[in-house]
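See below for the structure under consideration.
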C-alpha cells in the first residue's frame, strides 16, 4: 500500500496503533460509521507537517472539523504523549537512543539593549 508524504506506513501504524483509544460501537447500529483512526491520524500529521490551517486539510482525510475534534480529544487524553513514550522506548530498546546523553539547557542570557542595535541615549551618565 502506498502512502502519501505525511502518512504512516503499515510498519509505523503497527508501532503506535494500539495507543489510540478503542472506538465505542453503538449497539443500535444507527449513525454514520466513523472514519478510521489511521486516516484521521494521517490528517493530523498532514496539518502538523505542512503548517497549513485546519480548513485546508485535503478531503481525503475527511472533514477538517472531524480531524480537528479528534486531535483535541486525543490531545486531552494524553494519546500523543503515550505514542511518544512508546516510540522513545522502542528506540532505546533497539539501541538508537542513549538516555545518558539527554539534557535540558534552560540558560537565559539577556543581552544589553545596545547589543541589539538600540541607540544610546545622550546625556545619561552611569552612577
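Residue numbers (the working numbering): 65 to 191. Beta carbons are placed, not taken as given, at the ideal position from N, Cα and C, and that holds for glycine.
For residue 134 versus residue 104, is the C-beta spacing smaller than 7 Å?
-> yes
Residue 65 to residue 121, Cα distance in whole Å?
-> Confidence at residue 65 is low in this model, with a pLDDT of 45, below 50, so its placement is unreliable and the value that follows should be read with caution. Roughly 22 Å between the two C-alpha positions.
Residue 107 to residue 138, Cα distance in whole Å?
-> 13 Å
Simplified DSSP assignment, three categories, for residue 160 = Collapsing the DSSP output to three states places residue 160 in coil.
Count the other CB atoms within 10 Å of the CB of residue 68; is the residue buried (16 or more) or exposed (fewer)?
-> exposed
On a CA-only basis, which of 165, 159, 157 and 143 is nearest residue 81? Give me that one, please.
-> Nearest Cα to residue 81 within the set 165, 159, 157 and 143: 143.
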